[in-house]
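Worksheet for the structure shown next.
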Amino acid sequence: MSTLPKPQQTAPVAPKPAPAPAKKPAKTNLPERELFFLFDKENYMWMIGGIALIFIGFLLMSGGKSPNPHEFNYSEIYSFRRITLAPIVILLGFAVEAYAIMKKPKETTGAAQQS
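Here you go:
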């Protein structure tokens with residue numbers, strides 16, 4: 449029977465000291481940054497309207513279930529409402545969304561008008 453040598457124990461290593469905290473920069477007389485949003489309230493209202501149009505279009509497209517699953521009701525499934533009106537309403541909703549995103553918000557703050 450052979451004996452394995454015992455592993456050597458190493459001395460514990462002391463943790464390194466934490467780096468000193470960075471000094472804060474000196475205050476200057478520069479104006480502080482203003483908080484501004486990318487979109488205005490009016491943009492969000494247009495977005496809500498576009499989402500509502502898209503939702504209405506999908507509601508117009510829904511339905512068409514037949515009481516008897518073995519009968520095919522051609523006039524109900526391929527009606528003007530589902531084939532023509534609903535896709536037009538959905539596309540109008542997407543157009544309103546694009547307008548809401550592209551519309552430039554009004555500048556209301558005095559500091560933004562000066563710079």
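Residue numbers (the numbering used here): 449 to 563. Don't be surprised by glycine CBs; every beta carbon is placed ideally from N, CA and C. Only a predicted model underlies this, so the values are computations on that prediction, with no experimental measurement involved.
What does the alpha-carbon distance come out to for the pair residue i and residue j?
{"i": "F528", "j": "L540", "result": "17 Å"}
{"i": "L501", "j": "K554", "result": "25 Å"}
{"i": "D488", "j": "F503", "result": "23 Å"}
{"i": "T458", "j": "A466", "result": "24 Å"}
{"i": "R530", "j": "P517", "result": "19 Å"}
{"i": "S563", "j": "K472", "result": "Because S563 carries a pLDDT of 46, less than 50, the predicted location of this residue cannot be relied on, and no value is offered for it."}
{"i": "P463", "j": "P455", "result": "23 Å"}
{"i": "L483", "j": "T532", "result": "45 Å"}
{"i": "F485", "j": "P460", "result": "54 Å"}
With a Cβ-Cβ cutoff of 8 Å, do residue i and residue j count as a contact?
{"i": "V537", "j": "W494", "result": "no"}
{"i": "A534", "j": "M550", "result": "no"}
{"i": "G505", "j": "I525", "result": "no"}
{"i": "A548", "j": "N491", "result": "yes"}
Please report the residue range of the alpha helix (DSSP H) in which residue i lies.
{"i": "G497", "result": "489-509"}
{"i": "V537", "result": "534-550"}
{"i": "Y522", "result": "522-525"}
Decide if the region 517-526 is in contact with the region 480-499; the criterion is three or more beta carbon pairs, one per stretch, under 8 Å apart.
no
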